[in-house]
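Residue numbers (the working numbering): 1123 to 1397.
Structure follows, in structure tokens:
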């Protein structure tokens, strides 16, 4: 389906000008090599375990199950979470990323693409695309946020996290924190691009302060200022285990294992190095 013929595809294309990670393509029906999300994560634990361990070995150089699980879900999250946060914050739309509407393309036994099976999305009644056949019109802002949690968390990531734990021994605590950080990264990237950054900050706070959310209290975010520059940064209340990888030199700048004063210094250095 061509961009411009569909409001969701068109919206993600615009967001993709900020970063390609804000785009999620629609599966090409004629292309072979696609596996549906429910088949990949819910049907064959042995296959999923082998896939996770192969990814951990190939990309992070690890045979540790917790570290491999962390590496795998981090890669999975960026392609899934950013498009959802991008559409929600920019266009007040929510793509349907339920596991049964997601497909993965394999090449040489590795996932090389993630896509929607169908470009279904939730919208507000005032949206110009509310009459589109793929649109699910909700009653208001609260209902739109609820739909986001249903599709992104309940019908996808909660299932994926549980499957990775069951099949590959991945830590559920580490995986949930990775989910939160992926959301935080998307908010961070959008902060300087949206018309109303204060609203974006409020939306992020709602994510991480909502007891019914999968990412509740996993992250804190703040507007960090240094020398007239501002960024929207996250401090993790967990660890991704990247420090266990041989090539890593230290803990991440925002890791719970990095003292706050050191985090602040690393944040300042980052701002000073921005172009």
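Every residue, glycine too, gets a C-beta built ideally from N, C-alpha and C.
Query - Cβ-Cβ separation, residue 1343 to residue 1326 (assumed contact under 8 Å), whole Å - result: On the chain shown, position 204 is the one that residue 1326 refers to. On the chain shown, position 221 is the one that residue 1343 refers to. Sure, about 5 Å apart at Cβ, within 8 Å.
Report task. State the Cα-Cα distance for the pair residue 1270 and residue 1381, rounded to the nearest angstrom. Result -> For the purposes of this step, residue 1270 is taken as the residue at position 148 of the chain shown. For the purposes of this step, residue 1381 is taken as the residue at position 259 of the chain shown. The C-alpha of residue 1270 lies about 33 Å from the C-alpha of residue 1381.
Query raised in the report: Three-state secondary structure (DSSP) at residue 1134?
Result: In the chain shown, the residue the question calls residue 1134 occupies position 12. Correct three-state label for residue 1134: helix.
Query raised in the report: Beta carbon of residue 1286, beta carbon of residue 1297: below 9 Å?
Result: Here residue 1286 refers to the residue found at position 164 of the chain shown. Here residue 1297 refers to the residue found at position 175 of the chain shown. Yes.
Report task. Could you name the residues of the same chain whose beta carbon sits closer than 8 Å to that of residue 1288, not counting the 5 residues immediately before and after it, in chain order? Result -> By 1-based counting over the chain shown, the position of residue 1288 is 166. Within the same chain, residue 1288 has close Cβ partners 1167.
Requested in this report: Could you please give the first and the last residue of the uninterrupted alpha helix (DSSP H) stretch that includes residue 1200?
Outcome: Stepping through the chain shown from its first residue, residue 1200 is reached at position 78. It spans 1187-1213 - the alpha helix (DSSP H) in which residue 1200 sits, taken as one unbroken run.
**Report entry** Endpoints, beta strand (DSSP E) assigned at residue 1258
**Finding:** Position 136 of the chain shown, counting from 1, holds the residue named residue 1258. Its beta strand (DSSP E) spans residues 1257-1259.
Query raised in the report: Just curious, the alpha helix (DSSP H) that residue 1266 is in, first and last residue?
Result: To locate residue 1266, count along the chain shown from 1; it is residue 144. Secondary structure note for residue 1266: its alpha helix (DSSP H) is the uninterrupted segment 1263-1270.
Query raised in the report: DSSP state of residue 1238, grouped into three classes?
Result: Against the chain shown, residue 1238 aligns to sequence position 116. Here DSSP, grouped into helix, strand and coil, assigns residue 1238 to strand.
Query raised in the report: Are the beta-carbon atoms of residue 1174 and residue 1202 separated by less than 9 Å?
Result: One-based indexing of the chain shown puts residue 1174 at position 52. One-based indexing of the chain shown puts residue 1202 at position 80. Cβ atoms of residue 1174 and residue 1202: not closer than 9 Å.
Query - residue 1401 - DSSP class collapsed to helix/strand/coil - result: What is shown of the chain runs 1123 to 1397, which leaves residue 1401 out entirely.
Report task. Measure the C-alpha to C-alpha separation of residue 1236 and residue 1389 and round it to an integer number of angstroms. Result -> Taking the first residue of the chain shown as 1, we reach residue 1236 at position 114. Taking the first residue of the chain shown as 1, we reach residue 1389 at position 267. Roughly 32 Å separates the two Cα atoms.
Query raised in the report: Alpha carbon to alpha carbon, what distance is there between residue 1144 and residue 1137?
Result: Along the chain shown, one-based indexing puts residue 1137 at 15. Along the chain shown, one-based indexing puts residue 1144 at 22. Roughly 6 Å between the two C-alpha positions.
Query raised in the report: At what residues does the beta strand (DSSP E) containing residue 1341 begin and finish?
Result: Translated into the one-based positions of the chain shown, residue 1341 becomes position 219. Counting along the chain, the beta strand (DSSP E) containing residue 1341 begins and ends at 1341-1348.
Query raised in the report: From this set, 1307, 1248, 1241, which residue's C-alpha is nearest residue 1132's C-alpha?
Result: In the chain shown, residue 1132 corresponds to position 10, counting from 1. Answer by Cα proximity: 1241.
Query raised in the report: Any idea what DSSP makes of residue 1382, helix, strand or coil?
Result: As a first step, residue 1382 is located in the chain shown; it is residue number 260 there, counting from the start. The DSSP-derived three-state label of residue 1382 is helix.
Report task. Just tell me which of 1273, 1314, 1303, 1333 has its CA closest to the CA of residue 1375. Result -> The residue given as residue 1375 occupies position 253 in the chain shown. For residue 1375, the nearest C-alpha among the options comes from 1303.
Query raised in the report: Which residues in the same chain as residue 1362 place their Cβ atom closer than 8 Å to its Cβ, once the five residues preceding and following it in sequence are excluded?
Result: Along the chain shown, one-based indexing puts residue 1362 at 240. Excluding sequence neighbours, residue 1362 sits near 1192, 1196, 1296, 1299, 1300, 1303, 1374, 1377.
Report task. Between the Cα of residue 1292 and those of 1188, 1154, 1332, 1155, spot the shortest distance and give me the residue it belongs to. Result -> Taking the first residue of the chain shown as 1, we reach residue 1292 at position 170. Here the closest residue by C-alpha is 1188.
Query - Distance between residue 1354 and residue 1246 (C-alpha atoms, nearest Å) - result: In the chain shown, counting from the first residue as 1, residue 1246 sits at position 124. In the chain shown, counting from the first residue as 1, residue 1354 sits at position 232. Residue 1246 and residue 1354 have their alpha carbons spaced roughly 27 Å apart.
Requested in this report: Ignore the nearest five residues each way along the sequence and tell me which others in residue 1211's own chain have a CB closer than 7 Å to its CB.
Outcome: For the purposes of this step, residue 1211 is identified with residue 89 of the chain shown, where counting begins at 1. The beta carbon of residue 1211 sits closer than 7 Å to those of 1312, 1316, 1322, 1325, all from its chain and outside the five residues before and after it, given in chain order.
Query raised in the report: By Cβ distance below 6 Å, which residues in the same chain neighbour residue 1393 in space, the five residues on each side in sequence not counted?
Result: Start at 1 with the first residue of the chain shown, and residue 1393 comes out as number 271. For residue 1393, where only same-chain residues beyond five positions count, the Cβ hits under 6 Å are 1348, 1351.
Query - Burial state of residue 1265 (16 or more Cβ within 10 Å) - result: If you number the chain shown from 1, residue 1265 lands on position 143. Looking at its Cβ environment, which holds fewer than 16 other Cβ atoms inside 10 Å, residue 1265 is exposed.
**Report entry** Identity of the residues DSSP links to residue 1089 by a beta bridge
**Finding:** For residue 1089 there is no data in the structure shown, the boundaries of the chain being 1123 and 1397.
Requested in this report: Note the first and the last residue of the continuous beta strand (DSSP E) segment covering residue 1179.
Outcome: The residue you call residue 1179 lines up with position 57 of the chain shown. Where residue 1179 is concerned, there is no enclosing beta strand (DSSP E), although the alpha helix (DSSP H) it sits in stretches over 1167-1181.
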